[in-house]
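To start, the structure itself, in structure tokens.
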Amino acid sequence: MDFRELAKTEEYDFLRNDKRLGNRIILLGVTGSYGYGTNREGSDVDFRGITLELPSDLIGFTEFEQFEDRKTDTVIFGFNKIMKLLLGCNPNTIEILGIDEDEYVIKNEIGQSLLDRKEMFLTKRAAASFGHYADAQLRRLQNAIARDSMSQPDREGHIIKSVGHALDDYNRRSETMTGGVTKLYIDEAVTEGLEKEIFIDGELKHYPLRKYNEMMNTMMNVVKEYDKIGKRNNKKDDLHLNKHAMHLLRLFMMGIDILENKVIRTRRPDDELELLKAVRDGQFMKDSVLTEEFYKVVSKYEQMYAEAEKNSKLPDNPDMEAVEKYVLDINRRIINGEI
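Dropping the structure here:
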């Protein structure tokens, strides 16, 4: 498919006519199934990109984070917003920097300058945003499929692992951490309706109240997501679940690339695509349940990921001085009318 020609069609006129887009777009490329290489007949085309804010967004009263066109499944992030997301190695945005060259439909000199600096965003934060996120999603998937047979204590065991990962990532990113959680564990429940539940032992000293609230919200959001998926509609079809399972593996694969090789590779290589497509096509599902073989594959990737995380040479956090200098330079040029 010629994506550049597709972007020129009437359906995508908003790319040229919206005041926040047009020549303000610095990058626009193909993500989703076509970007990953998992597309098949009838797959939707997903465009993701980055656009520069207006001067009034930077020093005036207007605000802008992202543009969405749901009809074409196009999302274009504001420059400042995506920089913040990239700092956390957010999977849904970092992939924009790893698209195959011929699948960028728009790329100007500023877009190229961002691509030239993409290693600024490659840090061990990827461990949480890719590996731990995929791990949590997998356990939610298990919960969604097997909720009728999974005991409440087993379910709590799934939750505590994801909560722990989320908390580890929060602590890694928190620069004001002066005292922290010492232990998460499961014990006999005191909450009505539960057999077992997660408890927390900790000691906080001189800890900012607002940071404490953020920390608790981080953990509770994980619990809420599990509870929500535990009440899923039984009629949710296997095709959707297979697609979800495929993306869990893809996240592990992409995370390993980042941690081990310092590379953002959105399109997966042929050997990985063979496996991903097999999962997507239901070869690892029987009677609406993912097979034991699937979980063996996941276990293999979990081990590979853990090894990549352990041996990663990436820095713990981004070089904020370098990132800020770059952002200031771009925004100063916007305000001065140079771009």
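If you're matching positions, the sequence shown starts at 740 in the numbering used here and goes up one per residue. Just so it is clear, CB atoms sit at the ideal spot from N, CA and C, and this is done for glycine as well.
Cβ-Cβ separation, glutamate 804 to lysine 820 (assumed contact under 8 Å), whole Å: For the purposes of this step, residue 820 is taken as the residue at position 81 of the sequence shown. For the purposes of this step, residue 804 is taken as the residue at position 65 of the sequence shown. Confirmed, about 5 Å.
Contact under 8 Å by Cβ, glutamate 936 with glutamate 895: The residue you call residue 936 lines up with position 197 of the sequence shown. The residue you call residue 895 lines up with position 156 of the sequence shown. Yes, the pair counts as a contact, with Cβ atoms nearer than the cut-off.
Element boundaries [alpha helix (DSSP H), containing glutamate 1032]: Mapped onto the sequence shown, residue 1032 falls at position 293. First-last of the alpha helix (DSSP H) with glutamate 1032: 1031 to 1050.
Bounding residues of the beta strand (DSSP E) (the contiguous stretch that carries tyrosine 843): Here the question's residue 843 lines up with position 104 in the sequence shown. Segment 843 to 846, the beta strand (DSSP E) holding tyrosine 843.
Distance, valine 1036 Cα to phenylalanine 1023 Cα: Locating residue 1023 in the sequence shown gives position 284, where the first residue counts as 1. Locating residue 1036 in the sequence shown gives position 297, where the first residue counts as 1. One C-alpha to the other measures close to 10 Å.
Cβ-based neighbour list, tyrosine 1065, same chain, cut-off 7 Å, excluding 5 preceding and 5 following: In the sequence shown, residue 1065 corresponds to position 326, counting from 1. Same-chain partners within the cutoff: Arg856.
Collapsed DSSP secondary structure at threonine 748 in the structure displayed: Taking the sequence shown and counting its residues from 1, the one referred to as residue 748 is at position 9. Coil, per DSSP.
DSSP state of glutamine 805 mapped onto helix, strand, coil: Stepping through the sequence shown from its first residue, residue 805 is reached at position 66. Reduced to three states, the DSSP call for glutamine 805 is strand.
The stretch 998 to 1006 in contact with the stretch 955 to 965 per 3-pair CB rule at 8 Å: no
Lysine 935 - containing beta strand (DSSP E), residue span: In the sequence shown, counting from the first residue as 1, residue 935 sits at position 196. Counting along the chain, the beta strand (DSSP E) containing lysine 935 begins and ends at 935 to 941.
Own chain, CB closer than 6 Å to threonine 862, minus 5 neighbours either side, in chain order: Start at 1 with the first residue of the sequence shown, and residue 862 comes out as number 123. If we look at threonine 862 and ignore the five residues flanking it on each side, its Cβ neighbours are Leu1053, Pro1054, Asn1056 and Pro1057.
Proximity of isoleucine 789 and asparagine 847 at Cβ, strictly below 8 Å: To locate residue 789, count along the sequence shown from 1; it is residue 50. To locate residue 847, count along the sequence shown from 1; it is residue 108. Cβ atoms of isoleucine 789 and asparagine 847: not closer than 8 Å.
Rounded separation between threonine 1030 and glycine 1021 - CA only: If you number the sequence shown from 1, residue 1030 lands on position 291. If you number the sequence shown from 1, residue 1021 lands on position 282. Taking the straight line joining both Cα atoms gives about 10 Å.
Pairwise C-alpha distance: aspartate 996 and isoleucine 1078: For the purposes of this step, residue 1078 is taken as residue 339 along the sequence shown, with counting starting at 1. For the purposes of this step, residue 996 is taken as residue 257 along the sequence shown, with counting starting at 1. Taking the straight line joining both Cα atoms gives about 34 Å.
Closest residue to leucine 988 among Pro830, Ser1051 and Val784 (Cα-Cα distance): By 1-based counting over the sequence shown, the position of residue 988 is 249. When each option's Cα is compared against that of leucine 988, the closest is Pro830.
Cβ-Cβ distance between aspartate 812 and phenylalanine 753 below 8 Å: For the purposes of this step, residue 812 is identified with residue 73 of the sequence shown, where counting begins at 1. For the purposes of this step, residue 753 is identified with residue 14 of the sequence shown, where counting begins at 1. No, they are not a contact pair.
For valine 961 and isoleucine 898, the rounded distance between their alpha carbons: Residue 898 sits at position 159 when you count from the first residue of the sequence shown. Residue 961 sits at position 222 when you count from the first residue of the sequence shown. Their Cα atoms are separated by approximately 8 Å.
Exposed unless 16 or more other CB atoms sit within 10 angstroms - verdict on asparagine 972: As a first step, residue 972 must be located in the sequence shown, where it is residue number 233. Caution applies to asparagine 972, whose pLDDT of 47 falls short of 50 and renders its modelled position unreliable; the model cannot decide the point.
Own chain residues within Cβ distance below 6 Å of aspartate 887, not counting five before or after: Residue numbering aside, residue 887 sits at position 148 when the sequence shown is read from its first letter. Only weak support exists for where aspartate 887 lies, its pLDDT of 44 falling under 50; the value from the coordinates is given anyway. Scanning its chain for C-beta atoms nearer than 6 Å, with the 5 sequence neighbours on each side dropped, one finds no residue around aspartate 887.
Of the listed residues Phe991, Glu840, Ser795 and Ile925, nearest to alanine 873 (C-alpha basis): Along the sequence shown, read from residue 1 onward, the residue named residue 873 stands at position 134. If we check each option's Cα against that of alanine 873, Phe991 comes out closest.
Phenylalanine 860 versus tyrosine 951: straight-line alpha-carbon distance, rounded: Position 121 of the sequence shown, counted from the first residue, corresponds to residue 860. Position 212 of the sequence shown, counted from the first residue, corresponds to residue 951. Whole-angstrom Cα-Cα distance: 27 Å.
Residue range of the beta strand (DSSP E) that includes aspartate 785: Working through the sequence shown from its first residue, we reach residue 785 at position 46. Segment 785 to 790, the beta strand (DSSP E) holding aspartate 785.
Inter-residue spacing [alpha-carbon to alpha-carbon] between methionine 1059 and leucine 978: By one-based count along the sequence shown, residue 1059 stands at place 320. By one-based count along the sequence shown, residue 978 stands at place 239. If I take the Cα positions, the gap works out to 42 Å.
As assigned by DSSP and simplified to three states, the class of asparagine 972: One-based indexing of the sequence shown puts residue 972 at position 233. Confidence at asparagine 972 is low in this model, with a pLDDT of 47, below 50, so its placement is unreliable and no value can be given for it.
Pairwise C-alpha distance: aspartate 1026 and glutamate 749: Here the question's residue 749 lines up with position 10 in the sequence shown. Here the question's residue 1026 lines up with position 287 in the sequence shown. In a straight line, the C-alpha of glutamate 749 is about 44 Å away from that of aspartate 1026.
Cβ distance (whole Å) where alanine 1047 is taken to contact glutamate 999 below 8 Å: The residue labelled residue 1047 in the question sits at position 308 within the sequence shown. The residue labelled residue 999 in the question sits at position 260 within the sequence shown. The C-beta separation of alanine 1047 from glutamate 999 comes to about 4 Å, placing the pair in contact by the 8 Å criterion.
Inter-residue spacing [alpha-carbon to alpha-carbon] between arginine 949 and leucine 943: Here the question's residue 949 lines up with position 210 in the sequence shown. Here the question's residue 943 lines up with position 204 in the sequence shown. Cα to Cα, arginine 949 sits roughly 13 Å from leucine 943.
Boundaries (first-last residue) of the beta strand (DSSP E) holding valine 929: Sequence index remark: in the sequence shown, residue 929 carries index 190 (1-based). Taken as a continuous stretch (DSSP letters only), valine 929 belongs to no beta strand (DSSP E), as it is neither H nor E.
Test item: CB-CB of glycine 768 and arginine 787 under 8 Å: Start at 1 with the first residue of the sequence shown, and residue 768 comes out as number 29. Start at 1 with the first residue of the sequence shown, and residue 787 comes out as number 48. A contact, by the Cβ cut-off of 8 Å.
When Asn762, Val784 and Arg779 are compared against glutamate 792, the one with the closest alpha-carbon: Mapped onto the sequence shown, residue 792 falls at position 53. By alpha-carbon distance to glutamate 792, the top candidate from Asn762, Val784 and Arg779 is Asn762.
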